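Novice:
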Amino acid sequence: MRILHLSDTHIDHAGAPNRNGVDPTASLRGMLTDVRHLAGLSAVVVSGDLADSGAPEEYAVLRDLVGAFAREQGIPVFCTTGNHDERVAFAKTLGSGHLDPTGGDRAEDRLASADGELAASSLVDGHRIVTLDSLVPGKVYGYLGAAQLDWLRELLRSPAPHGTTVVLHHPPVTLDNPLQRALGLGNPADLADAVRGSDVRLILCGHFHLQIMGYLESVPVWVTPGVVNRIDLTGPAGSERAVRGASATLVDLGSPHGPLFHTLHARDPRAGETVYELDEARINDVIAREGYK
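With my numbering, letter number 142 in the sequence shown gets 1025, and the count goes up by one each step, no holes.
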């Protein structure tokens, strides 16, 4: 089982460079072009912030670009929501987020939620992929409600032949970084309780725009860097620097040493150029306004 893991495409309905001078559609197109020769892919996962404003046309662009790649590869696509996404527009274009190579909805189990959360489950060659919806409308941090966690527990009562991979946007692990702690998953202990003792082999996330490997309970958690840009932690202490360069991850679950992760970077002569930089005062303001309380 080999997964191309994308995240944070932030497709902008303008179809042009955003306020930071980066064209999200061009970044995604370039990433998909550069990974077209990867062999043995079984699925594409896009772990949230597909759109930037949540406009319907943004989801159509992502569906068309990632869908064309999936059709050429003959593999399914699995998408989930991030804090920039909008559930109604997402569902109108992508359904459950579980799509077969022709773009049809392939979800085998879906959450029926009063709040409209988009969680679903599918099998791929005996591997179960579960997408969770950590979106909190109007907030930057993420949270998994009780109904969604109960649905996940019930699903995991029956093991899949080759185990389960859980996909959500907001990471349940962070570096010693105040911004990550404030804007990640607000209730990681609840997710840990839901997956404890189950067949979950891996948790895939995005949101932070940089790669992190950690554990929730004994389950590996991988955070992939963003497609639209990535965060460079070599900036001054207390600051955050975003740089150009579309990135993704090749996830290999089939190796006896797996899961294995290889970070992929699209070719870009301007890679590493600063996109934006936040100083400590602006970061503290974001934490005060947007952080999980």
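Cβ atoms here follow ideal geometry from the backbone N, Cα and C, with glycine treated the same way. All values reported here derive from a predicted model rather than from experimental measurement.
Going by DSSP in three states, A974 sits in which element: helix, strand or coil?
Specialist: Helix.
Novice: Given 8 Å as the limit, is there contact between the region 906-916 and the region 1063-1082, that is, 3 or more CB pairs closer than that?
Specialist: The region 906-916 is not in contact with the region 1063-1082.
Novice: Out of A995, G980, S996 and A997, state which residue places its alpha-carbon closest to the alpha-carbon of R989.
Specialist: Nearest C-alpha to R989: G980.
Novice: Assign A1043 to buried or exposed, taking buried as 16 or more other Cβ atoms, counted over all protein chains shown, within 10 Å of its Cβ.
Specialist: Classification of A1043: buried, given that the 10 Å Cβ count is 16 or more.
Novice: Using the Cα positions of A938 and V1102, report the straight-line distance between them to the nearest angstrom.
Specialist: If you take the alpha carbons of A938 and V1102, they lie about 35 Å apart.
Novice: Look at the Cβ atom of R912, then the Cβ atom of D1135, and state whether they are nearer than 8 Å.
Specialist: Their beta carbons are not under 8 Å apart, which means R912 does not touch D1135 by this criterion.
Novice: Entirely within the region 945-992 and at least 3 residues each: give me those beta strand (DSSP E) ranges in chain order.
Specialist: Here the runs fully enclosed are 960-963.
Novice: Is it a yes or a no for the region 987-1006 touching the region 969-979, going by three-plus beta-carbon pairs under 8 Å?
Specialist: Flag = yes, the region 987-1006 and the region 969-979 touch.
Novice: Measuring CB to CB, does V1023 end up less than 8 Å from N1112?
Specialist: No, they are not a contact pair.
Novice: Taking the alpha carbon of G1137 as the point to measure from, which residue in G923, D1162 and R993 has its own alpha carbon closest?
Specialist: Out of G923, D1162 and R993, G923 has the C-alpha closest to the C-alpha of G1137.
Novice: Where does Y1159 land, buried or exposed, given buried means 16+ other C-beta within 10 angstroms?
Specialist: Its Cβ having fewer than 16 others within 10 Å, Y1159 is exposed.
Novice: Hey, how far is the Cα of I1086 from the Cα of N901?
Specialist: Using only the alpha carbons, I get a separation of about 30 Å.
Novice: Are the CB atoms of G1028 and H1052 within a distance shorter than 8 Å?
Specialist: No.
Novice: As an exercise, report each continuous alpha helix (DSSP H) stretch of at least 4 residues that is fully enclosed by the region 892-952, in chain order.
Specialist: If we require 4 residues or more, the alpha helix (DSSP H) runs fully inside the region 892-952 come out as 907-917.
Novice: Tell me the DSSP bridge mates of D998?
Specialist: Note: D998 sits in no beta bridge, so no partner.
Novice: Helix, strand or coil, according to DSSP, for A1131 in the structure here?
Specialist: A1131: strand per DSSP, three-state reduction.
Novice: Could you tell me the alpha carbon to alpha carbon distance between H1122 and K1176, rounded to whole angstroms?
Specialist: Reading off the sequence, residue 1122 comes out as Ser, not His. Answer to the nearest angstrom: the Cα atoms are 22 Å apart.
Novice: For A953, collect the residues of the same chain with a Cβ closer than 6 Å to its Cβ; drop the 5 residues on either side in sequence, then sort them by chain order.
Specialist: Excluding residues within five positions, the ones whose Cβ falls inside 6 Å are V927, V960 and P984.
Novice: Who are the near neighbours of L921 in its chain, counting only those whose CB is closer than 7 Å to its CB and skipping five residues on each side?
Specialist: Hits under 7 Å: L887 and L1133.
Novice: Does E1163 pass the burial test, meaning 16 or more other C-beta atoms within 10 Å, or should it be called exposed?
Specialist: With fewer than 16 other Cβ atoms within 10 Å, it is exposed.
Novice: Quick check on the burial criterion: 16 or more other C-beta atoms within 10 angstroms. Buried or exposed for P1139?
Specialist: P1139 is exposed by the Cβ-count criterion.
Novice: With H, G and I counted as helix, E and B as strand and the rest as coil, what does DSSP make of P1071?
Specialist: Looking at P1071 - three-state DSSP - the assignment turns out to be helix.
Novice: Would you grab the beta carbon distance between R970 and T964 for me? Rounded to a whole angstrom, and I think it's under 8 Å.
Specialist: Sure, about 6 Å apart at Cβ, within 8 Å.
Novice: Which whole-angstrom value is the C-beta distance of R1108 and T1146, which I expect to be below 8 Å?
Specialist: The displayed chain sequence assigns Pro, not Arg, to residue 1108. Between T1146 and P1108 the Cβ distance is about 7 Å, and since that is below 8 Å, they are a contact.
Novice: Candidates E955, H896, I958 and G986: which alpha carbon is nearest V944's?
Specialist: Ranking E955, H896, I958 and G986 by Cα distance to V944 puts H896 first.
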